[in-house]
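Engineer: If you count the sequence shown from 1, position 256 lands on 256 in the working numbering, and the numbers rise without skipping. Sharing a structure, written as structure tokens. Questions coming.
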Amino acid sequence: MSYNLADLHTHSLCSDGLRTPTEAVEEACEAGLQAMSLTDHDTVQGVPEATAAGERMHMEVVPGTELSAHIRDREVHILAYCIDYQDDQLGTTLAKSFQARHQRGIAIVKALNSMGLTVSLDDVLSQANGSPLGRPHIAAAMVENGLVADRDEAFSRYIGDRGPAFRPKPYAAAQDLIALIHRTGGVAVLAHPSISLPESIIEQLVAYGLDGIEVFHPSHQPAQMEYYDQLADRYGLIKSGGSDSHGDSEGTRIGDYGVGYEVIEAMRERAATYA
Ligand code: AMP
Ligand code: ZN
Ligand code: FE
Ligand code: FE
1 MSYNLADLHT
11 HSLCSDGLRT
21 PTEAVEEACE
31 AGLQAMSLTD
41 HDTVQGVPEA
51 TAAGERMHME
61 VVPGTELSAH
71 IRDREVHILA
81 YCIDYQDDQL
91 GTTLAKSFQA
101 RHQRGIAIVK
111 ALNSMGLTVS
121 LDDVLSQANG
131 SPLGRPHIAA
141 AMVENGLVAD
151 RDEAFSRYIG
161 DRGPAFRPKP
171 YAAAQDLIAL
181 IHRTGGVAVL
191 AHPSISLPES
201 IIEQLVAYGL
211 DGIEVFHPSH
221 QPAQMEYYDQ
231 LADRYGLIKS
241 GGSDSHGDSE
251 GTRIGDYGVG
261 YEVIEAMRER
271 AATYA
């Protein structure tokens, strides 16, 4: 059992996770956490349900989301916390991103069809079930249609970052998203920087107002956690982390890679300077 621990990176059915927001909160309770944040990709749809579940179960739920952003020619994920999730401008940005994901899903389906693979937009949309369309939904539809044995094969053969049917999302600029997060009274945290991100990009994000960085994440080797810990000290960044759990049996569980509750306090302190 862990005390005073928080998991600040989790997903639900509202993006590409496999559990409801309520079930995510239940898992946080079972893990003995003090707090959690639901950080679905490019949506805050699950936040009200998670918050209500948190009130019932005495679990503190920090409003959050994980935004896809670009900086130079790269995609980065920026976690937003303590945001006013009902903010209109945030809603407009998320609606645009929903559309962009939909169009990109159409392009990926077309690419797969041109390779002779039978999967329709409807197959993919029924997997997403109203959530912002992501590659995991496409992978699930491919499994359902018997085109691949499992999700890993869908990614490794077709839709992974270097796959023949990969298409990028026309994501928003990191600078604009960080400014938007601050305008809604929240803090911006760089998710899983381990994915070969040069330090110059992190420096640029800091110049844009980045508040924190994920030091603790399942994709980080111990040496990388050490490296990002030192980097956070150097740039004055809050050291965050979480399981990035999607609720599948192979992945992490909520509570893994958790951080101390004082991380949330540091976020609130910083957020108060933007509100
Ligand atoms: P998207 O946001 O549509 O580009 O999809 C990215 C999501 O797909 C990530 O958040 C992961 O959940 C999942 N993903 C990315 N790469 C892989 C992979 N190689 N194998 C399995 N899942 C992956
Ligand atoms: Zn995901
Ligand atoms: Fe991510
Ligand atoms: Fe994530």
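Just so it is clear, CB atoms sit at the ideal spot from N, CA and C, and this is done for glycine as well. Since the structure is predicted, the reported quantities are computational estimates derived from the model, not experimental observations.
Using 9 angstroms as the threshold, is the C-beta distance between Y261 and A6 below it?
Structural biologist: The count along the sequence shown starts at 1 and reaches residue 261 at position 261. The count along the sequence shown starts at 1 and reaches residue 6 at position 6. Between Y261 and A6, the C-beta spacing is below 9 angstroms.
Engineer: Is it right to say A91 is buried, meaning 16 or more other beta carbons lie within 10 angstroms of its own, or is it exposed?
Structural biologist: Taking the sequence shown and counting its residues from 1, the one referred to as residue 91 is at position 91. The question names Ala, yet the displayed sequence has Gly at residue 91. Classification for G91: exposed.
Engineer: Cutting at 6 angstroms between CB atoms, please list the residues of its own chain near L133, excluding the five before and the five after it.
Structural biologist: Here the question's residue 133 lines up with position 133 in the sequence shown. Cβ neighbours of L133 beyond the five flanking positions: R101, H102 and G105.
Engineer: Excluding the five sequence neighbours on either side, which residues of its own chain have a C-beta within less than 6 angstroms of the C-beta of L177, listed in chain order?
Structural biologist: Within the sequence shown, the letter at position 177 stands for residue 177. Answer for L177: L67, A69 and I78, listed in chain order.
Engineer: Tell me which residues share the same chain as T252 and place their Cβ nearer than 6 angstroms to its Cβ, disregarding the 5 neighbours each side in the sequence.
Structural biologist: As a working mapping, residue 252 is identified with position 252 in the sequence shown. Cβ neighbours of T252 beyond the five flanking positions: P218, S243 and S245.
Engineer: If you reduce the DSSP assignment to three classes, tell me which class L13 lands in.
Structural biologist: On the sequence shown, position 13 is the one that residue 13 refers to. Three-state DSSP puts L13 in coil, outside helix and strand.
Engineer: Span of the beta strand (DSSP E) holding I181?
Structural biologist: Position 181 of the sequence shown, counted from the first residue, corresponds to residue 181. According to the DSSP assignment, I181 belongs to no beta strand (DSSP E) but to the alpha helix (DSSP H) extending over A174 to R183.
Engineer: In the DSSP assignment, find the unbroken alpha helix (DSSP H) run with F98 in it and report its ends.
Structural biologist: Indexing the sequence shown from 1 puts residue 98 at position 98. Per DSSP, the continuous alpha helix (DSSP H) segment holding F98 begins and ends at D88 to S114.
Engineer: Which value, in whole angstroms, describes the spacing of the CA atoms of F166 and K110?
Structural biologist: Translated into positions along the sequence shown, residue 166 becomes position 166. Translated into positions along the sequence shown, residue 110 becomes position 110. Each residue's alpha carbon lies about 11 angstroms from the other.
Engineer: Out of E153, S15 and T93, which has the shortest C-alpha to C-alpha gap to A173?
Structural biologist: As a first step, residue 173 is located in the sequence shown; it is residue number 173 there, counting from the start. Comparing Cα-Cα distances from A173 to each of E153, S15 and T93, the minimum goes to T93.
Engineer: Cβ atoms of I181 and I138: under 9 angstroms apart, would you say?
Structural biologist: As a working note, residue 138 is residue 138 in the sequence shown. As a working note, residue 181 is residue 181 in the sequence shown. The answer is no: Cβ separation not under 9 angstroms.
Engineer: Given 8 angstroms as the limit, tell me if E75 has its C-beta closer than that to any heavy atom belonging to ligand 4.
Structural biologist: The residue you call residue 75 lines up with position 75 of the sequence shown. Checking every heavy atom of ligand 4 against the Cβ of E75, none is found closer than 8 angstroms.
Engineer: Return the CA-CA distance between P193 and G241, expressed in angstroms with no decimal places.
Structural biologist: Your numbering for residue 193 matches position 193 in the sequence shown. Your numbering for residue 241 matches position 241 in the sequence shown. Distance between the alpha carbons of P193 and G241: 11 angstroms.
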